[in-house]
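Here is the structure we will look at, set down as structure tokens.
Residue numbers (my numbering), protein chains in the order written: chain A, 1 to 501; chain B, 502 to 989.
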């Protein structure tokens, strides 16, 4: 059994143990969950030390790392096929890290803890599986496995409008994934395994254009398949106009689940496009890239403007995610080295920054039991440590130089400018709007006169610092010295843009 | 094959017939003294039948009783499926302490379904449909003093009589055109004589009324909600799977012979030359069936009634695979039926258990059930999401193969309609999960179920989970069953 399998399925083992524990034994449940997320994190970190930076992956199995093959349903060409390359490995590592942190952010869940942690662990398996899978069917199964735990996690442990938010999330994502299912089947029946001649779900075989049937070479067919896949992924990103599930889900979800949603789930949309749509249908990707850039621009500006209008702290952060995912879309659309590396680096860095922002909101919500931005003020006086660490998060979101968000965004702009000049210039306005809403929020919440209601508000505690500090350190570290992450993804992404005509 | 030499291919049916007589006699002697004797005998009889049917897998293709029925792996598959379904129903009715007639009727229905699965002649189709129909009417009205049950029975009889009448009329036209009652012979006649298309078309439509009624296809579905709601819940579960499966077996047989199939050159082409092509007609009917089932199910407050509409929707999904007119499609239907049996029985059984304990099948009854009866609620959620078609549950695999069959046949608009229906159906299936887990209630007291019931649920939950991850055995079984069949 390989490392990737272990990383993927240890959380499920943890889930089974949690389910067998007595309901009353809260500490055992928490610590088993912590262990079941910590071991994958340690293993993933170990794999990082073993990672060969010179292997590209993408469409060539011999340059994938930690590859695992197992027979599953041979009669239908379905395999258990996992592997990592520079595109997936940063996301796998980030998933294990955020999951571990989120267990601690969930320490104070006040009801049905057993169910909560069990579902959370199942969710982690789904997430890691999505990033590790190289068989389309396997990918799809993992993709869908995430939906159920997410539905219950939002629906049971969420805020006042949790039922609405949960079913909305569920319906939107299911709508996207059934379209993906059809596209997957259409690809399956028109791809042959070069060795056996049978149909195959192996993504790498699908990427080899010579394995495609004549029907799959028809341009209209390729467009339709690309669009079906794209809608499935765009809902997850979420790309305007498919974004409306996100504010509801984020606002109603408990803190840790918002972190996972924004930190990992949104990235699956862009990951799916890079992993599946681009290499399998590169010509269509090239010819539709302008639209993607425009959608990226809309996401950046629309998300930022709407975020500025928010009165709810968490909703503001939610819309800022939409805005930041726009940078990923813009970077992906240009197929220049800087653009695509910037996009994937933005996926990674936004994963850490937005996680901090949601944790930050969670901390204040636990104390004040509301999230009204206007309802605070002067918290810096009473909670200096919290204010400090929150400032790091907010400045990182703003894209301050020296933080990882800046590196990612500047790379996206440098990459995009030579290709789509106007779009890039308009998108850059988004940076100013972002600065505006973030500084304004910072001012209203932390600066100014102390709201007398919060004279005795307790300072951030050790557990909460433990959840936020590693992310803050990473944001600054990778902001000053992004080479470790860039090295991870460089070879693969440069290889990916070569495939695209 | 003549009657005498057919006997040795007819052993399961004969065994079942003898068992029915034995149960009748045992019921007379026993007089309800031993409550478990009759159900025990019924289960033993059905188990014996299943085992005997399994041995028939190796017998290949045989035409029995002067081509009245056929024995081929496909009929064996359906026989095993319906007999296994009946075993579950008998076990599930144990708590009810039903009278002996109940079990006898179930066994006779079973015999009728065996004949449906192997019928190869218009007369045989009619007779087997009536055997199943007549005993079903009585089973639906089994609770004599319950108004709804009696209403269900009456509606069932009226709709059944009307649709059988229409079907018989269609058959008479077909006979008039071809002079044959055997399906294969009819096909030959249609191919060689090329009768007037419109007449053939009308007769096929009329015959469809009968099949459509059996499998709950729009527009012959009107009986479904009332009968399903009124009948005893185990019987509802039974109706939703077993006769439907047998009806589909008949439909496969009919489609591949009279309506046309790809293996006989010219047959499929003949279909296309009709003014209305049969695949398109079926596609439209299937979209109507699933859309109607799903959209009306959205509005239901009674879970049992909701499941009735859901079963209409599932008939639509099953019908979808007919459009491709090939073995891949039929194999997908058979695979789906196996999984559908598991999840649908599970759902109905839990509704039944909850209604027994809490006195109602309304959605309000399920509020907070996740905290009062965790095992039942979690199982119910699994069945619901499996019915939606979410991986890694068996229902997804079933749907996957249905969609695979039609995508391979390039029926994209139909596939899109099908998956959109799956999304719609999520809303009401998730609604049950919402009621059980998301809604907060005042009453927190635990609802406990008997261990026997829990084990019975486990026999359905575990396969639903396992087949969602590893379904090769079922896949191979269906492939083997469809490899040879008398439709060719």
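We put the beta carbon where it would ideally sit given N, CA and C, even for glycine.
Anticipated Cβ contact below 8 Å, residue i with residue j, distance rounded
i, j, result
"residue 407 of chain A", "residue 327 of chain A", "Actually they are not in contact, since the Cβ atoms of residue 407 of chain A and residue 327 of chain A sit about 12 Å apart, beyond 8 Å."
"residue 253 of chain A", "residue 153 of chain A", "7 Å"
"residue 304 of chain A", "residue 316 of chain A", "Residue 304 of chain A to residue 316 of chain A, Cβ: 10 Å. No contact."
"residue 298 of chain A", "residue 98 of chain A", "28 Å between Cβ atoms; not a contact."
"residue 77 of chain A", "residue 193 of chain A", "7 Å"
"residue 878 of chain B", "residue 953 of chain B", "Between residue 953 of chain B and residue 878 of chain B the Cβ distance is about 18 Å, and since that is not below 8 Å, they are no contact."
"residue 174 of chain A", "residue 927 of chain B", "5 Å"
"residue 790 of chain B", "residue 719 of chain B", "4 Å"
"residue 961 of chain B", "residue 843 of chain B", "5 Å"
"residue 105 of chain A", "residue 256 of chain A", "4 Å"
Counted within 10 angstroms of its Cβ, other Cβ atoms place residue i as buried (16 or more) or exposed
i, result
"residue 956 of chain B", "exposed"
"residue 70 of chain A", "exposed"
"residue 971 of chain B", "exposed"
"residue 723 of chain B", "exposed"
"residue 109 of chain A", "buried"
"residue 773 of chain B", "Interpretation of residue 773 of chain B is limited by its pLDDT of 49, a score under 50 that renders its predicted location unreliable; the figure taken from the coordinates is listed afterwards. With fewer than 16 other Cβ atoms within 10 Å, it is exposed."
"residue 218 of chain A", "exposed"
"residue 402 of chain A", "exposed"
"residue 90 of chain A", "buried"
"residue 135 of chain A", "buried"
"residue 911 of chain B", "exposed"
"residue 350 of chain A", "buried"
Enclosing beta strand (DSSP E) for residue i [first to last residue]
i, result
"residue 78 of chain A", "78-84"
"residue 565 of chain B", "563-565"
"residue 682 of chain B", "Taken as a continuous stretch (DSSP letters only), residue 682 of chain B belongs to no beta strand (DSSP E), as it is neither H nor E."
"residue 69 of chain A", "65-73"
"residue 138 of chain A", "Residue 138 of chain A -> not in any beta strand (DSSP E); alpha helix (DSSP H) instead, spanning 136-145."
"residue 6 of chain A", "Segment 3-20 is the alpha helix (DSSP H) holding residue 6 of chain A; no beta strand (DSSP E) there."
"residue 571 of chain B", "570-572"
Proximity to residue i [Cα-Cα], best of the options
i, options, result
"residue 133 of chain A", "A:8, A:497, A:296, A:284", "A:8"
"residue 107 of chain A", "A:263, A:207, A:461", "A:461"
"residue 143 of chain A", "A:158, A:112, A:164, A:179", "A:179"
"residue 983 of chain B", "B:953, B:757, B:934, B:803", "B:757"
"residue 916 of chain B", "B:818, B:869, B:838, B:857", "B:818"
"residue 813 of chain B", "B:754, B:546, B:786", "B:786"
"residue 579 of chain B", "B:803, B:904, B:619", "B:619"
"residue 539 of chain B", "B:548, B:549, B:527", "B:527"
"residue 875 of chain B", "B:948, B:898, B:897", "B:948"
"residue 281 of chain A", "A:79, A:323, A:211", "A:211"
"residue 891 of chain B", "B:840, B:846, B:940", "B:840"
"residue 592 of chain B", "B:632, B:565, B:562, B:547", "B:547"
"residue 329 of chain A", "A:364, A:285, A:371, A:309", "A:285"
"residue 272 of chain A", "A:440, A:197, A:230", "A:230"
"residue 598 of chain B", "B:573, B:637, B:630, B:643", "B:643"
"residue 936 of chain B", "B:815, B:664, B:676, B:868", "B:868"
"residue 522 of chain B", "B:740, B:606, B:861", "B:606"
"residue 44 of chain A", "A:373, A:205, A:96", "A:96"
Boundaries (first-last residue) of the alpha helix (DSSP H) holding residue i
i, result
"residue 503 of chain A", "Outside the displayed range of chain A (1 to 501) lies residue 503 of chain A, so it cannot be described from this structure."
"residue 283 of chain A", "282-287"
"residue 195 of chain A", "No alpha helix (DSSP H) contains residue 195 of chain A, which DSSP labels as neither H nor E."
"residue 463 of chain A", "462-480"
"residue 857 of chain B", "828-859"
"residue 113 of chain A", "113-132"
"residue 346 of chain A", "337-368"
"residue 944 of chain B", "Here residue 944 of chain B belongs to no alpha helix (DSSP H), and DSSP marks it neither H nor E."
"residue 869 of chain B", "Here residue 869 of chain B belongs to no alpha helix (DSSP H), and DSSP marks it neither H nor E."
"residue 185 of chain A", "162-188"
"residue 631 of chain B", "623-641"
"residue 746 of chain B", "734-755"
"residue 248 of chain A", "245-252"
"residue 610 of chain B", "601-619"
"residue 494 of chain A", "483-499"
"residue 41 of chain A", "26-50"
Quick one: any contact between the region 656-665 of chain B and the region 625-637 of chain B, if contact means 3 or more CB pairs under 8 Å? yes
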